[in-house]
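> Below is a structure I'd like to ask you about.
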Amino acid sequence: NAGVTQTPKFQVLKTGQSMTLQCAQDMNHNSMYWYRQDPGMGLRLIYYSASEGTTDKGEVPNGYNVSRLNKREFSLRLESAAPSQTSVYFCASSRDIAGELFFGEGSRLTVL
Amino acid sequence: KNEVEQSPQNLTAQEGEFITINCSYSVGISALHWLQQHPGGGIVSLFMLSSGKKKHGRLIATINIQEKHSSLHITASHPRDSAVYICAVSSGNEKLTFGTGTRLTIIP
Numbered sequence: 001n002a003g004v005t006q007t008p009k010f011q012v013l014k015t016g017q018s019m020t021l022q023c024a025q026d027m028n029h030n031s032m033y034w035y036r037q038d039p040g041m042g043l044r045l046i047y048y049s050a051s052e053g054t055t056d057k058g059e060v061p062n063g064y065n066v067s068r069l070n071k072r073e074f075s076l077r078l079e080s081a082a083p084s085q086t087s088v089y090f091c092a093s094s095r096d097i098a099g100e101l102f103f104g105e106g107s108r109l110t111v112l
Numbered sequence: 113k114n115e116v117e118q119s120p121q122n123l124t125a126q127e128g129e130f131i132t133i134n135c136s137y138s139v140g141i142s143a144l145h146w147l148q149q150h151p152g153g154g155i156v157s158l159f160m161l162s163s164g165k166k167k168h169g170r171l172i173a174t175i176n177i178q179e180k181h182s183s184l185h186i187t188a189s190h191p192r193d194s195a196v197y198i199c200a201v202s203s204g205n206e207k208l209t210f211g212t213g214t215r216l217t218i219i220p
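So the sequences go chain by chain: A and B. 69 is the number that our numbering gives to position 69 of the first sequence; each next residue is one higher, with no gaps. 138 is the number that our numbering gives to position 26 of the second sequence; each next residue is one higher, with no gaps.
Right under this line is the structure:
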């Protein structure tokens, strides 16, 4: 039982490059989330998917897009990376919205 | 938007000490979460509670809804408890609001 798996764990990009962070959960959870964590700040919600087939903006959605590919997978895409997107990204899931959260191990992204 | 404040921001204690971390929030909530993050590591959910008290091993979480306050206690602290402890609240909708965390260091 892997829980929440996100890839890659580390990535370095140049400004303007694009990339996709992948996330998958095997707990049959309905809700999935993407957060970013920056020094001195709490986790901030980028996008979430309350259930399969729906996605909604969170607190800091600008510069990102998401896809809820199926119930298991929720990807985060940076179309044109900027240095301000240097951060640690966490995917999480919960059985239902605002339920107990299960997190992936995080993806450290550096944009030069 | 709910504001979540944790105190202290940093806490250093000797092994064996009783630890208390506090969390206050500004608006009524449906649930409060306590999370643990080890250095360089992932985030683990410790508790989710909406009233009263929960206990798991040496960890105890309490919440006072009227005072909009929660505490996380660690009994007989151990160096492996060294981590960042994060409080988060939900207001019945989709979004959690997170505190900035309390960095706990337990010295052997």
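Ideal Cβ placement from N, Cα and C applies to all residues, glycine included.
Using C-beta distances below 6 Å, list every residue in its chain close to A:VAL66, excluding the 5 sequence neighbours before and after it, in chain order.
These residues qualify, in order along the chain: TYR47, THR55, LEU76.
> Using the Cβ count rule (16 or more neighbours within 10 Å means buried), how would you classify B:ARG192?
It counts as exposed.
> With DSSP as the reference, label A:ASP56 as helix, strand or coil.
A:ASP56: strand per DSSP, three-state reduction.
> Give me the Cβ distance between A:TYR89 and A:LEU45, rounded to the nearest whole Å; I'm assuming they're in contact under 8 Å.
Wrong, their Cβ atoms sit about 12 Å apart, outside the cutoff.
> Using a beta-carbon distance cut-off of less than 9 Å, what residues from the stretch 95 to 107 of chain A approach chain B?
Hits within the stretch, in order: ILE97, ALA98, GLY99, GLU100, LEU101, PHE102, PHE103, GLY104, GLU105, GLY106.
> Let me confirm a value: B:PHE210 is counted as buried when at least 16 other C-beta atoms fall within 10 Å, else exposed. Which label applies?
Buried, since its Cβ has 16 or more Cβ neighbours within 10 Å.
> Report yes or no: is there a C-beta of chain A within less than 9 Å of the C-beta of B:GLY154?
Cβ-Cβ to chain A under 9 Å: yes for B:GLY154.
> Do you know offhand how far A:THR86's Cα is from B:HIS150's?
Roughly 20 Å between the two C-alpha positions.
> Closer than 7 Å by C-beta to B:SER142: which residues in its own chain qualify, once you throw out the five before and the five after it? Chain order, please.
For B:SER142, where only same-chain residues beyond five positions count, the Cβ hits under 7 Å are SER162, SER202, SER203, GLY204.
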